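Engineer: One structure, pasted below without further comment.
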Amino acid sequence: MGTRVLVAGIGNIFLGDDGFGPEVVRRLPTASAQDQRIVDYGIRGLHLAFDLLDGWDALVLVDALPNTGEPGRVQIMRAEPESDATTPMDGHAMNPEAVFAAVRALGGVVPPTVVVGCQVDSVAEGIGLSAAVAAAVDPAAAAVARVAAQLCAGQEV
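For the sequence shown, this note's numbering assigns the number 2 to the initial residue and increments by one for each residue that follows.
See below:
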(Lines of atoms letter the chains of each structure in order from A and count residues from 1; the text may use other names and numbers.)
(Lines give C-alpha, C1' and ligand atoms only; values in the text may rest on other atoms or scores of the structure.)
Protein backbone atom coordinates (compact mmCIF):
# COMPACT_ATOMS: atom_id res chain seq x y z
CA MET A 1 0.00 0.00 0.00
CA GLY A 2 1.33 3.44 -0.94
CA THR A 3 1.13 6.74 0.85
CA ARG A 4 -2.48 7.63 1.72
CA VAL A 5 -3.40 11.23 0.84
CA LEU A 6 -6.50 13.15 1.84
CA VAL A 7 -7.36 16.12 -0.40
CA ALA A 8 -9.61 18.59 1.44
CA GLY A 9 -11.36 21.51 -0.22
CA ILE A 10 -12.20 24.06 2.46
CA GLY A 11 -14.02 27.37 2.40
CA ASN A 12 -17.40 29.04 2.60
CA ILE A 13 -19.22 29.21 -0.75
CA PHE A 14 -21.40 32.04 0.60
CA LEU A 15 -18.40 34.37 0.96
CA GLY A 16 -17.28 34.96 -2.62
CA ASP A 17 -13.71 33.85 -3.22
CA ASP A 18 -13.63 31.90 0.05
CA GLY A 19 -15.43 29.21 -1.98
CA PHE A 20 -12.23 28.57 -3.97
CA GLY A 21 -11.37 25.27 -2.22
CA PRO A 22 -14.78 23.65 -2.75
CA GLU A 23 -14.81 24.79 -6.40
CA VAL A 24 -11.38 23.30 -7.08
CA VAL A 25 -12.22 19.88 -5.60
CA ARG A 26 -15.42 19.80 -7.67
CA ARG A 27 -13.16 19.92 -10.76
CA LEU A 28 -11.14 16.89 -9.64
CA PRO A 29 -12.09 13.35 -10.67
CA THR A 30 -14.86 11.91 -8.52
CA ALA A 31 -13.25 8.48 -8.55
CA SER A 32 -10.16 8.88 -6.38
CA ALA A 33 -7.08 6.74 -6.76
CA GLN A 34 -6.86 3.85 -4.29
CA ASP A 35 -4.64 5.80 -1.91
CA GLN A 36 -6.42 9.16 -2.31
CA ARG A 37 -9.66 10.58 -1.04
CA ILE A 38 -10.99 13.92 -2.35
CA VAL A 39 -13.60 15.68 -0.18
CA ASP A 40 -15.31 19.08 -0.20
CA TYR A 41 -15.41 19.88 3.52
CA GLY A 42 -16.66 23.43 3.07
CA ILE A 43 -16.79 24.78 6.64
CA ARG A 44 -17.14 21.38 8.36
CA GLY A 45 -13.94 21.53 10.40
CA LEU A 46 -14.94 18.90 12.94
CA HIS A 47 -15.74 16.47 10.11
CA LEU A 48 -12.24 17.03 8.69
CA ALA A 49 -10.71 16.55 12.16
CA PHE A 50 -12.49 13.20 12.61
CA ASP A 51 -11.49 12.06 9.11
CA LEU A 52 -7.85 12.90 9.89
CA LEU A 53 -8.00 10.36 12.73
CA ASP A 54 -8.08 7.62 10.06
CA GLY A 55 -4.29 7.73 9.79
CA TRP A 56 -3.66 9.63 6.57
CA ASP A 57 0.00 9.94 5.57
CA ALA A 58 -0.43 13.37 4.00
CA LEU A 59 -3.04 16.11 3.69
CA VAL A 60 -3.56 18.54 0.82
CA LEU A 61 -5.63 21.56 1.85
CA VAL A 62 -7.19 23.55 -0.99
CA ASP A 63 -8.10 26.99 0.29
CA ALA A 64 -8.43 30.70 -0.37
CA LEU A 65 -5.49 32.79 0.82
CA PRO A 66 -5.86 36.37 2.06
CA ASN A 67 -3.17 39.00 1.69
CA THR A 68 -0.62 37.02 -0.29
CA GLY A 69 -0.37 39.13 -3.41
CA GLU A 70 -2.19 39.49 -6.68
CA PRO A 71 -5.77 38.08 -6.73
CA GLY A 72 -5.87 34.78 -8.62
CA ARG A 73 -2.26 33.86 -7.85
CA VAL A 74 -2.00 30.14 -7.02
CA GLN A 75 0.56 29.10 -4.41
CA ILE A 76 1.76 25.72 -3.22
CA MET A 77 3.32 25.64 0.24
CA ARG A 78 3.98 23.33 3.13
CA ALA A 79 1.91 24.07 6.21
CA GLU A 80 3.63 23.98 9.56
CA PRO A 81 0.81 23.42 12.07
CA GLU A 82 1.61 24.70 15.54
CA SER A 83 1.74 21.75 17.92
CA ASP A 84 0.53 23.81 20.89
CA ALA A 85 -2.29 25.74 19.17
CA THR A 86 -5.59 25.61 21.06
CA THR A 87 -7.82 27.49 18.64
CA PRO A 88 -11.46 26.58 19.36
CA MET A 89 -13.69 25.01 16.71
CA ASP A 90 -16.35 27.23 15.13
CA GLY A 91 -19.42 25.64 13.60
CA HIS A 92 -19.72 28.49 11.09
CA ALA A 93 -16.15 28.74 9.82
CA MET A 94 -13.20 26.56 8.86
CA ASN A 95 -9.93 27.31 10.61
CA PRO A 96 -7.17 24.80 9.82
CA GLU A 97 -5.37 25.50 13.12
CA ALA A 98 -8.59 24.67 15.01
CA VAL A 99 -8.91 21.45 13.00
CA PHE A 100 -5.32 20.49 13.78
CA ALA A 101 -5.83 21.30 17.49
CA ALA A 102 -8.95 19.11 17.52
CA VAL A 103 -7.07 16.21 15.89
CA ARG A 104 -4.39 16.42 18.59
CA ALA A 105 -7.00 16.75 21.36
CA LEU A 106 -8.67 13.58 20.07
CA GLY A 107 -5.35 11.72 20.25
CA GLY A 108 -4.49 11.86 16.56
CA VAL A 109 -1.46 13.10 14.69
CA VAL A 110 -1.62 15.84 12.07
CA PRO A 111 -0.08 14.48 8.87
CA PRO A 112 2.41 16.46 6.79
CA THR A 113 0.30 19.10 5.07
CA VAL A 114 0.58 20.90 1.74
CA VAL A 115 -1.63 23.88 0.95
CA VAL A 116 -2.69 24.69 -2.60
CA GLY A 117 -4.17 28.14 -2.27
CA CYS A 118 -5.25 31.14 -4.25
CA GLN A 119 -5.06 34.82 -3.37
CA VAL A 120 -8.60 36.15 -3.01
CA ASP A 121 -10.05 39.31 -4.46
CA SER A 122 -13.16 39.52 -2.28
CA VAL A 123 -14.72 37.51 0.54
CA ALA A 124 -17.81 39.68 0.77
CA GLU A 125 -21.15 37.93 1.18
CA GLY A 126 -22.32 36.44 -2.08
CA ILE A 127 -22.11 33.24 -4.09
CA GLY A 128 -19.56 33.00 -6.88
CA LEU A 129 -15.89 33.60 -7.42
CA SER A 130 -14.36 36.81 -8.74
CA ALA A 131 -13.07 36.65 -12.33
CA ALA A 132 -9.42 36.42 -11.23
CA VAL A 133 -10.05 33.57 -8.80
CA ALA A 134 -12.39 31.74 -11.19
CA ALA A 135 -9.62 31.80 -13.81
CA ALA A 136 -7.28 30.14 -11.28
CA VAL A 137 -9.55 27.15 -10.57
CA ASP A 138 -8.44 24.87 -13.43
CA PRO A 139 -4.70 25.55 -12.94
CA ALA A 140 -5.16 24.95 -9.21
CA ALA A 141 -7.01 21.67 -9.85
CA ALA A 142 -4.09 20.54 -12.04
CA ALA A 143 -1.67 21.54 -9.27
CA VAL A 144 -3.68 19.61 -6.66
CA ALA A 145 -3.69 16.49 -8.85
CA ARG A 146 0.07 16.79 -9.39
CA VAL A 147 0.81 17.36 -5.67
CA ALA A 148 -1.44 14.47 -4.57
CA ALA A 149 0.19 12.13 -7.09
CA GLN A 150 3.66 13.12 -5.89
CA LEU A 151 2.66 12.57 -2.26
CA CYS A 152 1.08 9.18 -3.06
CA ALA A 153 4.35 8.19 -4.72
CA GLY A 154 6.25 9.17 -1.58
CA GLN A 155 7.93 12.16 -3.22
CA GLU A 156 8.64 15.50 -1.59
CA VAL A 157 6.59 18.48 -2.71
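Using N, Cα and C, we set each Cβ at its ideal position, and we do this for glycine too.
Fair warning: this is a prediction, and the values are worked out from it, not measured in the lab.
Thinking just about the alpha-carbon of each residue, which of G17, L7, H48, A136 is nearest to the one in D36?
Structural biologist: On the sequence shown, residue 36 is found 35 positions in, with the first residue counted as 1. Here the closest residue by C-alpha is L7.
Engineer: Quick check: the Cα distance between P112 and G129, rounded to an integer number of angstroms?
Structural biologist: Within the sequence shown, the letter at position 111 stands for residue 112. Within the sequence shown, the letter at position 128 stands for residue 129. Those two C-alpha atoms are separated by around 31 Å.
Engineer: Among the residues of its own chain, which have a CB less than 6 Å from the CB of E24, if the five just before and after it don't count?
Structural biologist: Walking along the sequence shown from the start, residue 24 turns up at place 23. Answer for E24: V138, listed in chain order.
Engineer: Secondary structure at D55, three-state DSSP: helix, strand or coil?
Structural biologist: Residue mapping note: residue 55 aligns to position 54 of the sequence shown, counting from 1. Coil at D55, not helix or strand.
Engineer: Report all residues from its chain with a CB closer than 8 Å to the CB of L29; omit the five preceding and five following residues, and keep chain order.
Structural biologist: For this step, residue 29 is matched to residue 28 along the sequence shown. Excluding residues within five positions, the ones whose Cβ falls inside 8 Å are V8, I39, A142, V145, A146.
Engineer: Does the Cβ-Cβ distance between A50 and A103 come in under 8 Å?
Structural biologist: What you label residue 50 is simply residue 49 of the sequence shown in a count that begins at 1. What you label residue 103 is simply residue 102 of the sequence shown in a count that begins at 1. Taking 8 Å as the Cβ cut-off, A50 and A103 qualify as a contacting pair.
Engineer: Cα-Cα, which of E98, V115, I44 is closest to V158?
Structural biologist: Along the sequence shown, one-based indexing puts residue 158 at 157. Measuring from the Cα of V158, the nearest candidate turns out to be V115.
Engineer: Span of the beta strand (DSSP E) holding Q76?
Structural biologist: As a working note, residue 76 is residue 75 in the sequence shown. First-last of the beta strand (DSSP E) with Q76: 75 to 80.
Engineer: Please report the Cβ distance between G109 and L54, rounded to the nearest whole angstrom; I am assuming they are in contact, meaning their Cβ atoms lie under 8 Å.
Structural biologist: Here residue 109 corresponds to residue number 108 of the sequence shown, with the count starting at 1. Here residue 54 corresponds to residue number 53 of the sequence shown, with the count starting at 1. Yes, G109 and L54 are in contact; Cβ-Cβ is about 4 Å, under 8 Å.
Engineer: Take P72 as the anchor and find which of N96, I14, C119 has the nearest alpha-carbon.
Structural biologist: Against the sequence shown, residue 72 aligns to sequence position 71. Closest by alpha carbon: C119.
Engineer: Does DSSP put L47 in a helix, a strand or coil?
Structural biologist: Along the sequence shown, one-based indexing puts residue 47 at 46. In the structure shown, L47 sits in a helix (DSSP, three-state: H, G or I).
Engineer: Is R38 helix, strand or coil by DSSP?
Structural biologist: Within the sequence shown, residue 38 is the residue found at index 37, counting from 1. In the structure shown, R38 sits in a strand (DSSP, three-state: E or B).
Engineer: List the endpoints of the continuous beta strand (DSSP E) containing Q1.
Structural biologist: The structure shown does not extend to residue 1, since the chain spans only 2 to 158, so no value can be given for it.
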